[in-house]
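Protein chains in written order, with this note's numbering: chain A, 108 to 544; chain B, 108 to 544.
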């Protein structure tokens, strides 16, 4: 290789699969360890996923919520970053298999490959109901939302115009609520003066949820407050309702035995989540169990049963040792598991015995448009403007690079005072051609 | 249509094709005119093209240099914006033809559809040597540049690694010089600590130019200074040289009868420019002539000969009435022609006789990386840090929306002090799959 020294061959080799919150925090927590770290990701950047919905609705640019992995880890000389697609794991051979057949040996592997959407067996819905996991998802969703208004402006037929102005968000967890709230703002505030033939405020935003309240993982009082905030933004919430069909120009909803077809050209999927297929690879070579979401059921120390050299963390892991229920697929869980995974390696190398993983719940936040949010701390919580300020503060602090924090703060301050969303771009390889009906 | 009043049917109908500098400035200059304005563009945003090379090299995000057209024109009640692909012009029928066959009647049409790359008849080079006209071009070029370093990091074979680290920029006009300079910075400063197996400073940046100096449209003394600035950034300039072949892994250069093949995986095209194909449409139905670059040779009032109702402006127009030579394809020419086109319509409607168009050259600027630039005013000019400061000031002022100005200023200040480029993202529909060799 070219000149530069690589790690001594006798060092413990840690391979980390995935540069999300789990993988990146694991790598950073190993910065002072005498180990040889390799971080593998298909992308050259860490993505701040909690703000992806802001990109999808034109409030932030992709660069605002992404940090090049090499930049974040550049001073960490025991660590190298490789752009690579991990397609398998050779458990017996202690190596990771990359696309193209190359392998990479490890002494410990931390698998943090995350999750993607799940359409509950209806993969045919995927092209008509995009989800929100990657930057490409977000810019495609943004193009779809904005193009709907553009098409409505040009549509003379009232029925077809109505379909372009119906937006259906499936799933009222934090992502669905945030998306629906941002859509409400877009239609009622941001785009208010932008069109001539349509009034964007005529847009109908329908939020479909299978359970009996929005934000089902939050206390009931907060769900009620979130529901009110959504109503104020013009969002219609359909509880106890299930999507039974999605076509290019409609979605079918079932409610208490009745069903209804809503004409729409824009269905956004914020419902199911399925762990990375690497979970199946692990299960097929070990005695590990997978849960219904395809997550690996891990031991109390986040290892795969019988394989102390394989840790699975973040959205890919089902860790139920603390409360009996699996921990939620949110950034703080992944971060803490990443830190734990690093500490566990260092303790074992030092001959100490690591304790079991424990998640410290510092609370959860979800935002519903401008100035409204809900904050949960254990069984308590609060809502409204103070929660929104807290949400803003926590998210700006948490963005990995200082640069991004400044930019996002400027952008948000601007958006807040002007009700503008400057990043409302329809881009794509084929321009509008690919979006035309 | 839906409720809102549209313009009175007896108003003079102005249709503007293209929302670049020419079209947008024409529309804005018509804001107080008693006319009915329709601005057509394939994109929903105005693109600040002079900074596109910053997106291509990871310094700025697409949203930083784009403004939604509807936002810019939202208060202009005599104007509507339509997202549409203009495929033709029915000169006799006084209407514009949109993709799908729809037509739009006009009393005056301002054609400002710009230009794209020209490979001088070698369209087979296009996939291997991307140009820089659209945001998609810029993010694709950014992915190609960054992926080259990623691939070099993983390439064990020295010869193939060398090819990944050779970057060839074709054409030493302002865009080529700016690209080569930014590449030099990227390799020598920004990425310095980011890799383990390669030293990014080993990258070879070759700038190929057919004439005997860089920035041939600038005074010779400034060309010499620009050349020195490029050398300081590690750029090798090959003057009097022509590209005779481009393959996926090499480029062939001819120089004084000799030829040389440079192994490279990253050729960036900043050479030829060809006017929009709408120029051909116009020429086929009128007596208009096209020049070698496919531009419409216009009359002294920017109209098509014999057709006072058709104006062609910006990169699509060959206007030679002032100096004998066609005006350059730069933003200030397009802006002034846009303003002139609007004034001409207003004068004719007021029964006055408009004067011929005159371009007021306020100077030109080109930047060569951090802290270096050249500024030209008529036959005079200066270079170095003062020129760079002027360049910065002019470009920030010129960005259309206040919001973008603030963001770009923050981003640049940050990049300047940290030598970072935070928007170094490899994105694309297929992730790295599409970029793998």
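Even glycine gets a Cβ: it sits at the ideal position worked out from N, Cα and C.
Since this is a predicted model, take the numbers as computed values, not measurements.
Please state the DSSP three-state secondary structure of residue 179 (chain A). Residue mapping note: residue 179 (chain A) aligns to position 72 of the first chain, counting from 1. Correct three-state label for residue 179 (chain A): helix.
Would the beta-carbon of residue 346 (chain B) fall within 8 Å of that of residue 319 (chain B)? Residue 346 (chain B) sits at position 239 when you count from the first residue of the second chain. Residue 319 (chain B) sits at position 212 when you count from the first residue of the second chain. Yes, these two residues count as a Cβ contact at 8 Å.
Please name the residue, chosen from A:410, A:463, A:370 and A:488, that lies closest to residue 266 (chain A) on a Cα-to-Cα basis. Within the first chain, numbered from 1, the residue matching residue 266 (chain A) stands at position 159. Among A:410, A:463, A:370 and A:488, the Cα nearest to that of residue 266 (chain A) belongs to A:370.
Residue ranges of each beta strand (DSSP E) run of no fewer than 3 residues wholly in the region 309-392 of chain A, ordered along the chain? Listed in chain order, they are 311-315, 342-345, 348-354, 357-362, 365-370, 373-376 and 379-382.
Could you spell out the range, first to last residue, of the alpha helix (DSSP H) harbouring residue 551 (chain B)? Nothing about residue 551 (chain B) can be read from this structure; chain B reaches only from 108 to 544.
Whole-angstrom Cβ separation of residue 259 (chain B) and residue 272 (chain B), contact assumed at under 8 Å? Numbered from its first residue, the second chain carries residue 259 (chain B) at position 152. Numbered from its first residue, the second chain carries residue 272 (chain B) at position 165. Yes, residue 259 (chain B) and residue 272 (chain B) are in contact; Cβ-Cβ is about 5 Å, under 8 Å.
Using a Cβ-Cβ distance cut-off of 8 Å, determine whether residue 151 (chain B) contacts chain A. As a first step, residue 151 (chain B) is located in the second chain; it is residue number 44 there, counting from the start. Yes, because at least one Cβ of chain A sits closer than 8 Å to the Cβ of residue 151 (chain B).
Inter-residue Cα distance where the pair is residue 354 (chain A) and residue 204 (chain B): The residue labelled residue 354 (chain A) in the question sits at position 247 within the first chain. The residue labelled residue 204 (chain B) in the question sits at position 97 within the second chain. Within the model, the alpha-carbon separation for residue 354 (chain A) versus residue 204 (chain B) is close to 31 Å.
List the residues of chain B that residue 253 (chain A) touches, going by C-beta distances under 8 Å, in chain order. As a first step, residue 253 (chain A) must be located in the first chain, where it is residue number 146. Residues of chain B passing the Cβ test: 151.
Is there at least one Cβ from chain B nearer than 8 Å to residue 533 (chain A)'s Cβ? The residue labelled residue 533 (chain A) in the question sits at position 426 within the first chain. The Cβ of residue 533 (chain A) sits closer than 8 Å to at least one Cβ of chain B.
Does the distance from the CB of residue 242 (chain A) to the CB of residue 169 (chain A) come in under 8 Å? The sequence position of residue 242 (chain A) within the first chain is 135, counting from 1. The sequence position of residue 169 (chain A) within the first chain is 62, counting from 1. In this structure, residue 242 (chain A) places its C-beta atom within 8 Å of the C-beta atom of residue 169 (chain A).
Got a sec: is the Cβ-Cβ distance from residue 161 (chain A) to anything in chain B below 8 Å? Looking up residue 161 (chain A) in the first chain gives position 54. So no, residue 161 (chain A) is outside the interface.
Opposing strand residues paired with residue 471 (chain B) [DSSP bridges]: For the purposes of this step, residue 471 (chain B) is taken as the residue at position 364 of the second chain. Secondary-structure assignment with DSSP links residue 471 (chain B) through a beta bridge to B:483.
Can you find a C-beta in chain A that's less than 8 Å from the C-beta of residue 292 (chain B)? The residue given as residue 292 (chain B) occupies position 185 in the second chain. Taking Cβ atoms only, chain A never reaches closer than 8 Å to residue 292 (chain B), which makes this a no.
Does any residue of chain B bring its CB to less than 8 Å from the CB of residue 133 (chain A)? In the first chain, the residue the question calls residue 133 (chain A) occupies position 26. Judged by the 8 Å Cβ criterion, residue 133 (chain A) is not in contact with chain B.
Which listed residue (A:325, A:125 and A:133) has its alpha carbon closest to that of residue 452 (chain A): Along the first chain, one-based indexing puts residue 452 (chain A) at 345. Nearest neighbour of residue 452 (chain A) by Cα position, chosen from A:325, A:125 and A:133, turns out to be A:133.
Under the three-state reduction of DSSP, which class applies to residue 404 (chain B): helix, strand or coil? For the purposes of this step, residue 404 (chain B) is taken as residue 297 along the second chain, with counting starting at 1. It is a strand residue.
Tell me which same chain residues have a C-beta within less than 8 Å of the C-beta of residue 389 (chain A), skipping the five on either side of it? Here residue 389 (chain A) corresponds to residue number 282 of the first chain, with the count starting at 1. Counting only Cβ-Cβ distances below 8 Å, and skipping sequence neighbours, we find 196, 198, 218, 395, 403, 411, 417 and 419.
Within its chain, find whatever has a CB closer than 7 Å to the CB of residue 233 (chain A); leave out the 5 residues flanking it on each side and keep chain order. The sequence position of residue 233 (chain A) within the first chain is 126, counting from 1. Same-chain partners within the cutoff: 226.
Buried or exposed for residue 469 (chain B), please, with buried defined as at least 16 other CB atoms from any protein chain shown within 10 angstroms of its CB. Counting from one through the second chain, the residue named residue 469 (chain B) turns up at place 362. Classification for residue 469 (chain B): exposed.
Start and end residues, alpha helix (DSSP H) containing residue 59 (chain A): This structure cannot settle anything about residue 59 (chain A), because the visible part of chain A is limited to 108 through 544.
Chain A partners of residue 336 (chain B), CB-CB under 9 Å? Stepping through the second chain from its first residue, residue 336 (chain B) is reached at position 229. Correct list: empty, because the minimum Cβ distance to chain A is about 26 Å.
Grab me the residues of residue 70 (chain A)'s own chain with a C-beta within less than 6 Å of its C-beta, minus the 5 sequence neighbours each way, in chain order. Lying before the first or after the last residue shown, residue 70 (chain A) is absent from chain A, which here runs from 108 to 544.
Could you give the first and the last residue of the continuous alpha helix (DSSP H) run that contains residue 426 (chain B)? Counting from one through the second chain, the residue named residue 426 (chain B) turns up at place 319. Boundaries cannot be given for residue 426 (chain B), as no alpha helix (DSSP H) includes it and DSSP labels it neither H nor E.
Restricting to Cα atoms, I'd like to know which of A:166, A:303 and A:338 is closest to residue 546 (chain A). Nothing in the structure corresponds to residue 546 (chain A), since chain A is present only between 108 and 544.
By the three-class DSSP mapping on this structure, what secondary structure does residue 412 (chain B) have? Position 305 of the second chain, counting from 1, holds the residue named residue 412 (chain B). Three-state DSSP puts residue 412 (chain B) in coil, outside helix and strand.
With a cut-off of 8 Å on the beta carbons, I'd call residue 189 (chain B) and residue 449 (chain B) a contact; round off their distance for me. For the purposes of this step, residue 189 (chain B) is taken as the residue at position 82 of the second chain. For the purposes of this step, residue 449 (chain B) is taken as the residue at position 342 of the second chain. Taking the Cβ atoms as the reference, residue 189 (chain B) lies roughly 19 Å from residue 449 (chain B), outside the contact range of under 8 Å.
For residue 173 (chain B), go through chain A and note every residue whose CB falls closer than 7 Å to its CB, in chain order. Position 66 of the second chain, counted from the start, is the residue given in the question as residue 173 (chain B). Chain A residues near residue 173 (chain B): 532.
Of all the CB atoms in chain B, is at least one closer than 8 Å to the CB of residue 233 (chain A)? As a position in the first chain, residue 233 (chain A) is number 126, starting the count at 1. Cβ-Cβ to chain B under 8 Å: no for residue 233 (chain A).
Per-residue DSSP class, three states only, for residue 398 (chain B): As a first step, residue 398 (chain B) must be located in the second chain, where it is residue number 291. Correct three-state label for residue 398 (chain B): coil.
What is the C-beta distance between residue 151 (chain B) and residue 177 (chain B), in whole angstroms, given that I count them as a contact (C-beta under 8 Å)? Counting from one through the second chain, the residue named residue 151 (chain B) turns up at place 44. Counting from one through the second chain, the residue named residue 177 (chain B) turns up at place 70. About 7 Å separates the two Cβ atoms, so the contact holds.
At 3 residues or longer, what runs of the beta strand (DSSP E) sit wholly inside the region 135-164 of chain B? Whole beta strand (DSSP E) segments, 3+ residues: 142-148 and 152-154.
For a cutoff of 8 Å on Cβ pairs, would you count residue 341 (chain A) as touching chain B? Start at 1 with the first residue of the first chain, and residue 341 (chain A) comes out as number 234. So no, residue 341 (chain A) is outside the interface.
Only counting the same chain, and skipping five residues up and downstream in sequence, which positions put a Cβ closer than 6 Å to that of residue 414 (chain A)? Counting from 1 along the first chain, the entry for residue 414 (chain A) is found at position 307. Result list for residue 414 (chain A): 393, in chain order.
Taking 8 Å as the CB-CB limit, is residue 243 (chain B) close to chain A? Locating residue 243 (chain B) in the second chain gives position 136, where the first residue counts as 1. Interface residue, yes.
Terminal residues of the continuous beta strand (DSSP E) containing residue 225 (chain B)? Counting from 1 along the second chain, the entry for residue 225 (chain B) is found at position 118. Note, residue 225 (chain B): beta strand (DSSP E), 222-225.
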